[in-house]
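Contents: one structure, followed by commentary.
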Amino acid sequence: MSNKLSQLKEFTTIVADTGDITAIKDFLPQDATTNPSLMLKAAQIPEYAPFLDQAVAWAKTQSNDKDQQILDAGDKLAVIIGTEILKYVPGRISTEVDARLSFDKEATLAKARKLIALYEEAGVSRDRVLIKAASTWEGIKAAEELEKEGINCNLTLLFSFAQAQACAEAGVYLISPFVGRILDWYKKSTGQKYTAETDPGVVSVTEIYNYYKQHGYKTVVMGASFRNIGEIEQLAGCDRLTISPNLLEELKKDEGKLERKLTPTTDVKPAPAAITEAAFRWAMNEDAMATEKLSEGIRNFAADQRKLEVTLASML
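Numbering (our numbering), first residue to last: 59 to 374.
Right, dumping it as structure tokens:
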């Protein structure tokens with residue numbers, strides 16, 4: 059029998075949750091995704107030093123203002139690493155908008171367009187890139203406009219059904235509901251232990267997946283942020299799963315049988331009325347887990363972005 063990773067690939071698209079090109083070469087995923095935390099780790103890999111030098115050199119040609127040079131170097135580095143990763147994956151790379159812009163629709167739009175322009179200047183067409191943004195109301199509305207421009211988006215830091223509903227109605231290409239972080243919150247909040255079947259993150263993604271299929275939404279569901287392979291096994295059949303190298307290795311070494319858990323329905327029903335901004339914000343207010351984890355995720359990504367910028371600033 060083939061290993062569980064090979065079995066999973068039969069009905070779910072595998073995405074590598076890493077900026078480490080060596081890991082991508084090892085596991086041969088369809089797509090890859092990065093975020094500020096992964097970019098910070100990538101920047102510390104010795105083999106990536108030339109990428110940082112290249113980004114900094116380019117930034118110096120764009121502006122004489124050091125603060126702007128730092129921002130430009132960060133954007134360029136993300137695109138350089140993304141372009142390199144695309145040499146080893148047949149699909150797409152997800153590149154994240156600065157988390158500090160999560161509540162600014164216009165700034166998110168400007169940053170997304172800048173990243174796409176940099177990719178296109180590097181010879182990478184926009185159909186190989188997903189722009190990642192946080193699933194705030196502003197991020198979702200920015201993605202709605204970008205999708206109309208042919209810039210596909212990956213809405214991340216998604217913890218609630220309201221976020222998922224708004225993303226689908228906005229025509230977002232892909233969402234990344236965070237399984238493990240949901241589990242983290244419930245374990246800390248309740249003190250309970252959960253099985254793979256009762257895992258709140260698994261339950262949330264299953265609900266979103268079924269809702270999308272029941273109403274014919276085209277938005278891709280990509281489970282993310284896994285804590286163990288049990289969570290992954292319970293979501294076998296999900297459109298996509300983005301998995302860290304260590305869990306990919308566990309799946310690769312496991313020769314057991316993997317059963318498909320999620321299957322799209324053929325009985326499609328009309329979609330309900332679209333969620334309003336007021337209803338979205340109220341639903342988030344009522345969901346302590348989603349509110350806290352979204353805020354925490356944005357803060358942590360912003361902190362890692364600033365750490366990366368300290369490194370880049372020291373090179374300018």
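Even for Gly, the Cβ is constructed at its ideal location relative to N, Cα and C.
CA-to-CA distance, residue j to residue i, given in whole angstroms
i: I198; j: A228; result: 7 Å
i: E289; j: N212; result: 21 Å
i: G208; j: T214; result: 19 Å
i: T334; j: E178; result: 35 Å
i: D84; j: E205; result: 32 Å
i: T321; j: S302; result: 24 Å
i: Q221; j: F161; result: 14 Å
i: A175; j: S262; result: 35 Å
i: V368; j: T153; result: 20 Å
i: F284; j: N122; result: 42 Å
i: F69; j: V278; result: 14 Å
i: A157; j: P94; result: 8 Å
i: F236; j: D78; result: 21 Å
i: D379; j: F338; result: Since the first and last residues shown for the chain are 59 and 374, residue 379 lies out of range.
i: T80; j: I189; result: 23 Å
i: P330; j: L216; result: 20 Å
i: F109; j: T71; result: 29 Å
i: P275; j: A226; result: First, the amino acid is wrong: residue 275 is Tyr here, not Pro. Rounded to the nearest angstrom, the two C-alpha atoms are 6 Å apart.
i: T349; j: A341; result: 9 Å
i: R186; j: N343; result: 35 Å
i: P258; j: M347; result: 11 Å
i: R318; j: C296; result: 9 Å
i: Y357; j: Q363; result: A small fix is needed here, since residue 357 is Arg in this sequence, not Tyr. When rounded, the distance between both Cα atoms is 10 Å.
i: L135; j: T194; result: 25 Å
i: Y267; j: Q223; result: 11 Å
i: R239; j: A371; result: 32 Å
i: V155; j: Q127; result: 17 Å
Start and end residues, beta strand (DSSP E) containing residue i
i: D345; result: Looking at the DSSP string, D345 is not in any beta strand (DSSP E), and its letter there is neither H nor E.
i: T76; result: No beta strand (DSSP E) contains T76, which DSSP labels as neither H nor E.
i: L216; result: C211 to L216
i: L90; result: This sequence places Ala at residue 90; Leu is not what is there. D89 to T91 is the span of the beta strand (DSSP E), which, as asked, contains A90.
Sequence-distant residues of its chain with Cβ nearer than 6 Å to residue i (five each side left out)
i: T141; result: A180 and V182
i: T300; result: V73, D75, T91, M280 and A282
i: D130; result: A117 and Q120
i: A115; result: none
i: S60; result: none
Range covered by the alpha helix (DSSP H) that runs through residue i
i: G281; result: No alpha helix (DSSP H) holds G281; the beta strand (DSSP E) holding it covers V278 to G281.
i: V237; result: V237 to T248
i: A117; result: A107 to Q120
i: A222; result: F219 to E227
i: A100; result: P94 to A101
i: L66; result: K62 to L66
Contacts around residue i, its chain only, beta-carbon distance under 7 Å, and the 5 residues preceding and following it disregarded
i: L316; result: K62, Q65, L66, E291 and A294
i: A254; result: V260, G288, E289, E291 and Q292
i: A201; result: A191, C211, L213, A228 and V230
i: L159; result: A165, T166 and K169
i: A393; result: The chain is shown from 59 up to 374; residue 393 falls before or after that span and cannot be answered.
i: D111; result: none
i: G314; result: K62
Near the ligand NAD: residue i beta-carbon under 7 Å from a heavy atom
i: V261; result: Although the ligand NAD was asked about, the structure shown includes no ligands whatsoever.
Residues of its chain near residue i, where Cβ-Cβ distance is below 8 Å and the 5 sequence neighbours each way are ignored
i: I82; result: A74, T76, A90, I143, Y146 and V147
i: E265; result: F219
i: Q272; result: T323, D325, V326 and K327
i: R184; result: I174, Y177, E178, G208, I209 and N210
i: E196; result: S160, F161, D162, K163 and T166
Cutoff 8 Å: residue i Cβ touching any chain C Cβ
i: D123; result: The structure shown contains no chain C; it holds only a single protein chain.
Report the residue ranges of all alpha helix (DSSP H) runs contained in full by the stretch 136-204; include only those spanning at least 4 residues, in chain order.
-> 163-179
Using 8 Å as the Cβ pair cut-off and three pairs as the minimum, do the stretch 160-176 and the stretch 238-257 touch?
-> no
Assess, as a yes-or-no matter, whether the stretch 340-354 is touched by the stretch 70-89 under the definition of 3 or more beta carbon pairs within less than 8 Å.
-> no
Starting from the N-terminal side, write out each stretch of the alpha helix (DSSP H) that is 4 residues or longer and does not extend beyond the stretch 267-326.
-> 287-292 and 303-311
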